[in-house]
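Protein chains in written order, with this note's numbering: chain E, 1 to 243; chain Z, 244 to 486; chain U, 487 to 729; chain P, 730 to 972.
Protein chains: 4
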Amino acid sequence: MADLDALIEDLVAANRILANENVVDAFGHVSVRHPVDAGRYLMSRAKSPELVESADIMEFTLEGAPCNADGRKPYLERFIHGALYEARPDIQCVVHNHSRSVIPFGISGEKLRPVMHSCATIGHEVPVWDAQDAFGDTDLLISDMLMGRDFARVVGNGTCALMRGHGCTVTGKSIREAVYTAIYLELNAELQWKASHFGKLKFLSPGEIEKINSRLGQARPGEGYDRSWEYWRRRAGIASKRG
Amino acid sequence: MADLDALIEDLVAANRILANENVVDAFGHVSVRHPVDAGRYLMSRAKSPELVESADIMEFTLEGAPCNADGRKPYLERFIHGALYEARPDIQCVVHNHSRSVIPFGISGEKLRPVMHSCATIGHEVPVWDAQDAFGDTDLLISDMLMGRDFARVVGNGTCALMRGHGCTVTGKSIREAVYTAIYLELNAELQWKASHFGKLKFLSPGEIEKINSRLGQARPGEGYDRSWEYWRRRAGIASKRG
Amino acid sequence: MADLDALIEDLVAANRILANENVVDAFGHVSVRHPVDAGRYLMSRAKSPELVESADIMEFTLEGAPCNADGRKPYLERFIHGALYEARPDIQCVVHNHSRSVIPFGISGEKLRPVMHSCATIGHEVPVWDAQDAFGDTDLLISDMLMGRDFARVVGNGTCALMRGHGCTVTGKSIREAVYTAIYLELNAELQWKASHFGKLKFLSPGEIEKINSRLGQARPGEGYDRSWEYWRRRAGIASKRG
Amino acid sequence: MADLDALIEDLVAANRILANENVVDAFGHVSVRHPVDAGRYLMSRAKSPELVESADIMEFTLEGAPCNADGRKPYLERFIHGALYEARPDIQCVVHNHSRSVIPFGISGEKLRPVMHSCATIGHEVPVWDAQDAFGDTDLLISDMLMGRDFARVVGNGTCALMRGHGCTVTGKSIREAVYTAIYLELNAELQWKASHFGKLKFLSPGEIEKINSRLGQARPGEGYDRSWEYWRRRAGIASKRG
Numbered sequence: 001m002a003d004l005d006a007l008i009e010d011l012v013a014a015n016r017i018l019a020n021e022n023v024v025d026a027f028g029h030v031s032v033r034h035p036v037d038a039g040r041y042l043m044s045r046a047k048s049p050e051l052v053e054s055a056d057i058m059e060f061t062l063e064g065a066p067c068n069a070d071g072r073k074p075y076l077e078r079f080i081h082g083a084l085y086e087a088r089p090d091i092q093c094v095v096h097n098h099s100r101s102v103i104p105f106g107i108s109g110e111k112l113r114p115v116m117h118s119c120a121t122i123g124h125e126v127p128v129w130d131a132q133d134a135f136g137d138t139d140l141l142i143s144d145m146l147m148g149r150d151f152a153r154v155v156g157n158g159t160c161a162l163m164r165g166h167g168c169t170v171t172g173k174s175i176r177e178a179v180y181t182a183i184y185l186e187l188n189a190e191l192q193w194k195a196s197h198f199g200k201l202k203f204l205s206p207g208e209i210e211k212i213n214s215r216l217g218q219a220r221p222g223e224g225y226d227r228s229w230e231y232w233r234r235r236a237g238i239a240s241k242r243g
Numbered sequence: 244m245a246d247l248d249a250l251i252e253d254l255v256a257a258n259r260i261l262a263n264e265n266v267v268d269a270f271g272h273v274s275v276r277h278p279v280d281a282g283r284y285l286m287s288r289a290k291s292p293e294l295v296e297s298a299d300i301m302e303f304t305l306e307g308a309p310c311n312a313d314g315r316k317p318y319l320e321r322f323i324h325g326a327l328y329e330a331r332p333d334i335q336c337v338v339h340n341h342s343r344s345v346i347p348f349g350i351s352g353e354k355l356r357p358v359m360h361s362c363a364t365i366g367h368e369v370p371v372w373d374a375q376d377a378f379g380d381t382d383l384l385i386s387d388m389l390m391g392r393d394f395a396r397v398v399g400n401g402t403c404a405l406m407r408g409h410g411c412t413v414t415g416k417s418i419r420e421a422v423y424t425a426i427y428l429e430l431n432a433e434l435q436w437k438a439s440h441f442g443k444l445k446f447l448s449p450g451e452i453e454k455i456n457s458r459l460g461q462a463r464p465g466e467g468y469d470r471s472w473e474y475w476r477r478r479a480g481i482a483s484k485r486g
Numbered sequence: 487m488a489d490l491d492a493l494i495e496d497l498v499a500a501n502r503i504l505a506n507e508n509v510v511d512a513f514g515h516v517s518v519r520h521p522v523d524a525g526r527y528l529m530s531r532a533k534s535p536e537l538v539e540s541a542d543i544m545e546f547t548l549e550g551a552p553c554n555a556d557g558r559k560p561y562l563e564r565f566i567h568g569a570l571y572e573a574r575p576d577i578q579c580v581v582h583n584h585s586r587s588v589i590p591f592g593i594s595g596e597k598l599r600p601v602m603h604s605c606a607t608i609g610h611e612v613p614v615w616d617a618q619d620a621f622g623d624t625d626l627l628i629s630d631m632l633m634g635r636d637f638a639r640v641v642g643n644g645t646c647a648l649m650r651g652h653g654c655t656v657t658g659k660s661i662r663e664a665v666y667t668a669i670y671l672e673l674n675a676e677l678q679w680k681a682s683h684f685g686k687l688k689f690l691s692p693g694e695i696e697k698i699n700s701r702l703g704q705a706r707p708g709e710g711y712d713r714s715w716e717y718w719r720r721r722a723g724i725a726s727k728r729g
Numbered sequence: 730m731a732d733l734d735a736l737i738e739d740l741v742a743a744n745r746i747l748a749n750e751n752v753v754d755a756f757g758h759v760s761v762r763h764p765v766d767a768g769r770y771l772m773s774r775a776k777s778p779e780l781v782e783s784a785d786i787m788e789f790t791l792e793g794a795p796c797n798a799d800g801r802k803p804y805l806e807r808f809i810h811g812a813l814y815e816a817r818p819d820i821q822c823v824v825h826n827h828s829r830s831v832i833p834f835g836i837s838g839e840k841l842r843p844v845m846h847s848c849a850t851i852g853h854e855v856p857v858w859d860a861q862d863a864f865g866d867t868d869l870l871i872s873d874m875l876m877g878r879d880f881a882r883v884v885g886n887g888t889c890a891l892m893r894g895h896g897c898t899v900t901g902k903s904i905r906e907a908v909y910t911a912i913y914l915e916l917n918a919e920l921q922w923k924a925s926h927f928g929k930l931k932f933l934s935p936g937e938i939e940k941i942n943s944r945l946g947q948a949r950p951g952e953g954y955d956r957s958w959e960y961w962r963r964r965a966g967i968a969s970k971r972g
């Protein structure tokens with residue numbers, strides 16, 4: 001299937017882009033919903049994202065059962081992905097990461113909110129999920145569907161949520177959109193942290209967020225998510241697409 | 244026209260320098276006034292600055308109408324450029340960007356002022372334009388001449404202005420001067436932010452700013468803007484000029 | 487001995503990884519306990535870690551006497567390593583470094599504690615050793631076994647300790663574990679510093695730390711320390727292992 | 730003269746090392762006293778340090794008169810160098826730069842003091858020179874011997890001084906020593922800034938500073954300044970020395 005091959009190629013690119021932009025390091029993962037079977041998703045075997053290749057991409061049921069393991073070991077935290085695809089039919093891509101600037105907002109009570117127009121896709125305020133609330137002392141990893149569903153509940157209708165003492169998870173209606181939001185969530189966290197030094201801030205208003213996201217959703221090919229995708233591909237050293 | 248070709252070559256170099264120095268990323272743009280027709284300006288088609296080549300450079304009227312589109316799509320925010328060329332005959336180059344350190348100053352009320360001699364071209368105090376003031380909830384982009392002219396009014400006689408929740412725009416009497424100020428505006432913002440941690444600061448005095456800028460304006464070839472231009476070209480991997 | 491050769495190869499890799507991840511610069515060192523003789527350890531001659539090669543690895547008694555000097559000069563501070571191997575039979579690897587983010591915690595009284603799950607191996611709270619306490623004005627270096635043993639006492643049963651005005655030392659049950667903790671100690675310091683700007687933080691609980699470390703200790707080959715080791719090797723440009 | 734050639738080779742290396750370590754950018758300069766004629770010093774023509782080659786090195790009298798210009802233009806601020814060589818026969822090398830972290834200490838009144846052992850060569854407290862004090866509004870540059878001598882007076886018996894709204898100048902008994910102190914002055918400024926967030930700090934004591942510098946001064950070949958010099962050379966991509 002040419003479509004599936006192209007999607008896998010994009011998923012591999014997403015892995016490498018997120019590594020190159022310091023959103024993931026040895027850990028973190030990105031998945032995409034299966035283009036034909038909405039009850040399945042695609043994700044690499046357990047491996048550092050920077051090293052992921054097409055042959056690493058596995059298929060999973062939403063419950064996280066590997067469909068074509070062939071001896072490949074899955075990520076322990078794949079339940080984050082399945083639970084979000086299960087709860088939200090509109091989500092096509094999920095990025096889970098521990099990027100540096102989001103951590104302080106997960107452990108301090110400071111609310112993460114958009115400080116600039118390019119970060120509007122993170123939504124009006126980013127919720128924080130704390131494994132302690134429902135599960136007490138854990139190793140903080142989302143290692144079954146029970147935890148995955150509890151996390152998906154906190155994401156709600158938003159695009160992302162922080163995880164206390166752990167990181168964050170970002171979703172999108174496409175790979176490009178989720179990668180975009182993951183990169184700009186990290187940037188927003190960095191900038192809000194810096195700006196907060198000066199006291200009370202003027203965040204984007206709900207009306208501004210809506211207008212920005214509406215324009216992004218209507219962007220013509222080559223604009224918006226496409227332009228940044230092409231830029232990040234180049235920075236990550238990924239050759240131009242075939243044909 | 245050899246002059247026009249050389250100017251376009253410099254404009255392409257400016258795109259790549261600004262990307263390499265982290266002043267622009269996937270977004271941001273730089274233009275130059277047409278060397279023969281002061282009622283026109285040159286700027287790339289909509290594209291990430293790092294990827295811009297000579298063939299991407301288009302010509303626009305000050306109102307933002309493309310003169311030689313040939314299917315190339317212009318930047319949505321080109322009205323920033325036209326409005327500034329219209330209001331200020333002395334301006335020959337305009338840089339618009341979202342560099343990271345300026346954002347906190349646009350959303351906090353903290354005034355951006357020069358902390359060191361190499362940043363004197365930003366002026367005594369950098370004004371902040373807020374789209375909310377005259378236009379209410381928008382997507383924050385300057386997408387027509389009405390907004391462009393309102394922004395140009397805030398720039399006034401200065402060299403630059405911040406845009407709340409968006410970024411900044413810098414102007415110059417030449418490409419080299421505007422690129423210089425864009426890079427040092429970002430640096431000044433970073434350093435002022437750091438220094439403000441220690442309390443009240445001693446900024447450059449108006450007399451110092453005047454003397455520094457006066458010397459820069461009289462620099463001999465190879466000095467001042469020229470030396471930094473050559474340095475940034477090298478860092479961006481741009482080969483030495485022909486002949 | 488194939489085993490010894492493989493261990494030396496890993497020790498050289500550790501040197502280069504720690505340099506590439508900015509944990510060491512021109513200074514800092516890493517050692518491993520001898521695989522056959524528990525009363526000896528292996529460490530490079532005095533040299534910047536980034537430049538270390540197999541031929542630089544020397545053997546020492548726990549008291550720091552070179553066993554095979556061959557004209558090679560040892561690190562002045564090797565007593566840190568020997569004293570820790572002497573005090574703690576479980577320790578197999580020691581990393582000493584001056585990474586940037588740990589310094590503020592060594593001179594301010596602020597306690598360094600784990601802010602995220604991947605940093606749990608640093609323990610509940612990192613102790614600080616101050617050469618002033620027992621030795622008065624010194625050049626701060628641990629230059630004999632008396633100082634080394636005093637430092638080992640402060641490490642106690644933990645994995646690491648800070649050294650006031652100097653840096654830190656990290657231990658592990660393997661090279662991979664010590665390198666992992668050294669890199670994440672630096673990251674934790676950076677993130678705790680940033681987060682502390684927002685006031686009171688929620689650190690990992692003792693129960694969470696225990697559960698995370700328990701899972702890490704039981705990780706299957708290719709998981710946990712192995713995954714990050716492979717990732718850091720690639721980043722440092724170290725070719726895949728032989729056969 | 731083989732000695733002179735070797736010194737010039739080291740001076741070129743110093744230029745490139747300082748650029749590579751972000752101590753200088755397009756601006757900044759480093760000089761060395763003439764090995765035979767103590768009344769003269771060697772320094773590049775006006776050029777970005779990263780681009781300096783042997784053919785750029787000029788000779789100057791202490792008053793700043795070029796001895797062998799051959800059409801090459803000198804740095805405007807060369808008087809910093811001459812005034813220091815004139816005032817202090819022990820100084821063999823001078824580095825002037827605008828590295829980023831020192832700026833906040835020059836404009837805020839916060840005293841820069843050593844926070845860690847590798848930064849002890851900056852001395853107990855770094856003085857600040859303000860051109861305003863004796864000269865009122867200037868362009869902040871040290872553009873004649875009058876200003877140079879005023880600055881040398883503030884350096885006094887120390888190794889370095891900050892310049893308000895401008896940068897700093899560092900001296901050494903050798904190229905390696907001055908380069909070392911310039912790099913660690915920048916690091917100390919960064920770390921002190923970070924640590925000051927936590928309140929009152931424990932700086933190195935005068936006794937510790939003395940002991941550390943005493944050991945550095947007695948270091949054997951290959952140790953101390955030599956080890957970091959070799960490391961920085963490698964990082965800057967400078968090939969190993971001839972024969």
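Glycine included, every Cβ here is placed at the ideal spot set by N, Cα and C. Predicted model, so just to flag it, every value in this text is computed and none were measured.
- Chain-order list of chain Z residues neighbouring Arg829 (chain P): Leu430, Glu433, Leu434 and Lys437, by C-beta distance under 9 Å.
- The C-beta of Asp868 (chain P) comes closer than 8 Å to at least one C-beta of chain Z.
- Residue environment for Cys553 (chain U): exposed (fewer than 16 other C-beta atoms within 10 angstroms of its C-beta).
- Using a CB distance cut-off of 8 Å, Ala152 (chain E) does not count as an interface residue toward chain U.
- When C-alpha distances from Pro692 (chain U) are compared across U:Trp679, U:Ile608 and U:Leu673, the shortest belongs to U:Ile608.
- When C-beta distances to chain P are compared with 7 Å, the residues of the segment 353-377 of chain Z below that value are Val358, Met359, His360 and Ser361, in chain order.
- As the crow flies, the alpha-carbon of His409 (chain Z) is around 28 Å from that of Ile107 (chain E).
- Annotation for Pro590 (chain U): Glu596, Ala675 and Trp679 place their beta carbon closer than 8 Å to its own, counting only its chain and skipping 5 residues before and after.
- With its beta carbon at least 8 Å from every one in chain U, Gly966 (chain P) lies outside the interface.
- Shown in chain order are the members of the segment 34-58 of chain E whose Cβ falls below 8 Å from a Cβ of chain U: Ala46, Lys47, Ser48, Glu50 and Leu51.
- Residue state for Val94 (chain E) is assigned as strand, using DSSP reduced to three classes.
- In this structure, Z:Gln375 is the residue among Z:Leu430, Z:Gln375, Z:Thr424 and Z:Ile426 with its C-alpha nearest to the C-alpha of Met406 (chain Z).
- Within its own chain, the residues whose Cβ lies closer than 8 Å to the Cβ of Glu77 (chain E), once the five positions on either side in sequence are excluded, are His29, His96, Leu141, Ile142 and Ser143, listed in chain order.
- Under the Cβ distance rule, Gly703 (chain U) does not count among the residues neighbouring chain E, no pair being separated by less than 8 Å.
- Think of a sphere of 7 Å around the beta carbon of Leu933 (chain P): the chain U residues whose beta carbon falls inside it are Gly651, in chain order.
- Note on Val279 (chain Z): under 16 other CB atoms within 10 angstroms of its CB, so exposed under the neighbour-count rule.
- In the structure shown, His846 (chain P) falls within a helical segment according to DSSP collapsed to helix, strand and coil.
- The Cβ atoms of Cys646 (chain U) and Leu687 (chain U) lie no closer than 8 Å to each other.
- The straight-line gap separating the alpha-carbon atoms of Ala722 (chain U) and Ala488 (chain U) is approximately 24 Å.
- Distance from Glu952 (chain P) to Ala532 (chain U) at the Cβ level is roughly 7 Å; contact confirmed, criterion being Cβ atoms closer than 8 Å.
- Bounds of the beta strand (DSSP E) holding Thr414 (chain Z) are Gly410 to Gly415.
- Taking 4 residues as the shortest admissible run, the segment 50-80 of chain E contains no complete alpha helix (DSSP H) segment at all.
- Distances from the alpha-carbon of Ser274 (chain Z) to those of Z:Asp382, Z:Val398, Z:Arg419 and Z:Ile455 put Z:Arg419 closest.
- Within chain E, Ala195, Ser196, His197, Phe198, Gly199, Lys200, Leu201 and Lys202 have C-beta atoms less than 9 Å from the C-beta of Ser351 (chain Z), given in sequence order.
- Any Cβ of chain Z closer than 8 Å to the Cβ of Ile212 (chain E) would place that residue at the interface, and such an atom is present.
- At a cut-off of 8 Å between beta carbons, Pro347 (chain Z) contacts chain E.
- For Arg720 (chain U), the enclosing alpha helix (DSSP H) has its first and last residue at Tyr711 to Arg721.
- In this structure Tyr328 (chain Z) touches Tyr284 (chain Z) by the C-beta definition: roughly 6 Å separates them, less than 8 Å.
- Per DSSP, Ser594 (chain U) is one residue of the alpha helix (DSSP H) stretching across Ile589 to Ser594.
- Under the criterion of beta carbons closer than 8 Å, Pro843 (chain P) and Phe932 (chain P) qualify as touching, at roughly 6 Å.
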